[in-house]
Amino acid sequence: MPRQQIGLHAQEMTPRETLAAIVRAEQAGIPAAWLTTGGVGMDGMALLAAAAVQTRTIQLGTSIVPTYPRHPLALVQQTLVLADLAPDRFVLGVGPSHRPGIEGVFGIPFGDVPSHLREYLTVLRQALHLGRFDFDGAQYRVHGQVPNPPKVPILLSALRTGSYRLAGELADGAISWITPAAYLRDHALPALREGATRRRDGRTPRLVAHCFAAVDEDAAAVVAVARERLGFYLRLPFYQKMAVAAGHPEGAEGKASDAFVAAVVAHGDEEATARGIRSFLDAGADEVIVSPLPVGPDPRASKDRTVALLGKIARA
C-alpha cells in the first residue's frame with residue numbers, strides 16, 4: 007500500500023449506487039475506495055467483490071467488517087475471493103463494532119473485547135499471511151491450511167490507545183473513525199508505535215484516519231449536517247471517552263461542540279477543505295478516508311463537488 011494517500015468512503019444508499027460510485031472514483035483518479043458493513047445493512051465484502059471485477063486500479067478496503075458476527079475463517083474465505091479478483095488491491099479492515107449493535111441487533115454477547123480481537127487477529131494473520139492456522143484459544147480453536155496465502159493487509163479499527171497498541175502489535179495498521187487529528191498525533195500514533203515494538207516481523211504498521219468533508223462555503227449548513235451525523239457516534243461510550251481524551255470534555259455528554267466538529271470535518275472552499283483533509287496526513291496518518299457530507303438542497307451535487315476535489319488532490 008502506498009503511503010500518504012486520500013481515499014473515498016464510497017457508501018451510497020443501494021448496492022448499484024455504491025458500485026457506480028466506486029467506478030466513478032477510479033475514473034476520477036481517486037486511489038482508494040472504502041466501505042463499511044454495519045448492522046444488517048449492505049455487506050461490504052460482497053459489494054467489493056462486485057467492484058473488483060468492474061475496476062482495475064483502485065484500492066478496495068473495508069472500514070470495517072464487524073468481527074463478532076463472523077467466524078474469522080468465514081472472513082478468510084471471503085478474503086481469498088477478493089484477493090484473487092483484485093490482486094494487490096484489497097485491504098481487510100476489521101473491528102468489534104459496538105455493544106448496542108452486537109448485543110441489541112445480533113444477540114451476541116460483546117464479551118472481553120481485547121481478548122476477542124487478539125484471538126481473531128491471530129487467526130486471520132496465520133491463515134492469510136502464513137498459510138497455516140493452528141490456534142487453540144478461549145473463543146476459537148482452528149486448525150488447517152490456506153494454499154498460497156494472499157498476504158492481504160489486515161487493519162484494526164481503533165478509538166482508544168489500547169486498540170492502537172493491539173493494532174501495532176498484531177495487525178498491519180489501525181483505522182480511526184471520526185477522531186481529531188490532534189488525538190491521532192498525541193495519543194494514537196505513540197500507542198501504535200509502542201505496540202509495534204512487540205512485533206516479530208519488524209514491519210511498521212500504518213495509520214489510516216477518517217474525516218468528513220464538504221466543499222461548501224455555508225459553514226452553518228455544514229455544521230448542522232455534521233452535528234446530525236456525529237450525534238449517533240457521540241451517544242456511544244467508546245466515542246465519548248475518545249472525545250474527552252482528545253480535549254473535548256463536552257463529548258462525555260454526547261454533545262458535538264463547534265470545536266469537535268471543526269476537528270473532524272473539513273469544509274469551506276476547495277482550498278480550505280483540502281487543507282483540512284491534509285491536516286490528518288500532517289498529523290502522521292498514512293491515509294485519510296474521506297466521507298463526503300451532503301449539504302444543501304441538492305445532496306448529489308454537494309457530494310459530487312467534494313468527490314471532485316478528492317480526484318483533484320490525487321492528480322496534483
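Here the working numbering is used: the first residue of the sequence shown is 7, the next is one more, and so on. Where a beta carbon is used, it is the ideal one built from N, C-alpha and C, also for glycine.
Cutoff 8 Å; reference residue i; Cβ partners in own chain excluding five residues on either side
{"i": "Val152", "result": "Val82, Leu86, Ala133, Leu134, Gly137, Arg138, Phe139"}
{"i": "Phe244", "result": "His104, Leu165, Arg166"}
{"i": "Thr185", "result": "Leu165, Ala194, Ala215, His216, Met248, Ala252, Val270"}
Residue i in three-state terms, based on DSSP
{"i": "Glu223", "result": "coil"}
{"i": "Thr61", "result": "coil"}
{"i": "Val313", "result": "helix"}
{"i": "Thr68", "result": "strand"}
{"i": "Ala39", "result": "strand"}
{"i": "Leu213", "result": "strand"}
{"i": "Pro298", "result": "strand"}
{"i": "His77", "result": "coil"}
{"i": "His104", "result": "coil"}
{"i": "Gly282", "result": "helix"}
{"i": "Gly208", "result": "coil"}
Expected contact under 8 Å - CB spacing of residue i and residue j to nearest Å
{"i": "Ala197", "j": "Arg171", "result": "5 Å"}
{"i": "Thr63", "j": "Glu23", "result": "Wrong, their Cβ atoms sit about 21 Å apart, outside the cutoff."}
{"i": "Pro21", "j": "Leu98", "result": "Wrong, their Cβ atoms sit about 20 Å apart, outside the cutoff."}
{"i": "Ala80", "j": "Ala58", "result": "That pair is no contact at about 19 Å."}
Straight-line gap, residue i to residue j (C-alpha atoms, nearest Å)
{"i": "Pro320", "j": "Pro115", "result": "Rather than Pro, the amino acid found at residue 320 in this sequence is Ala. In a straight line, the C-alpha of Ala320 is about 42 Å away from that of Pro115."}
{"i": "Tyr146", "j": "Leu88", "result": "24 Å"}
{"i": "Val188", "j": "Ile181", "result": "In the sequence as presented, Val is not what sits at residue 188; that position holds Ala. Distance between the alpha carbons of Ala188 and Ile181: 15 Å."}
{"i": "Leu176", "j": "Ala265", "result": "34 Å"}
{"i": "Ala27", "j": "Glu18", "result": "8 Å"}
{"i": "Cys217", "j": "Ser169", "result": "19 Å"}
{"i": "Val270", "j": "Asp90", "result": "35 Å"}
{"i": "Ile283", "j": "Glu276", "result": "11 Å"}
Contact set for residue i: own chain, Cβ-Cβ below 7 Å, skip 5 residues either direction
{"i": "Asp292", "result": "Arg9, Gln10, Arg212, Leu213, Val214"}
{"i": "Lys309", "result": "Pro298, Pro300"}
{"i": "Leu287", "result": "Gln10, Val294"}
Residues near residue i in its chain [Cβ-Cβ closer than 6 Å; skip 5 each side]
{"i": "Val228", "result": "Ala220, Asp222, His273, Val301"}
* Asked: Hey, which unbroken runs of the beta strand (DSSP E) at 3 residues or more fall wholly within the region 126-204?
  -> If we require 3 residues or more, the beta strand (DSSP E) runs fully inside the region 126-204 come out as 138-142, 147-151, 160-163, 179-181.
* Starting from the N-terminal side, write out each stretch of the alpha helix (DSSP H) that is 4 residues or longer and does not extend beyond the region 246-277. => Note on the region 246-277: whole alpha helix (DSSP H) runs with a minimum of 4 residues are 264-270, in chain order.
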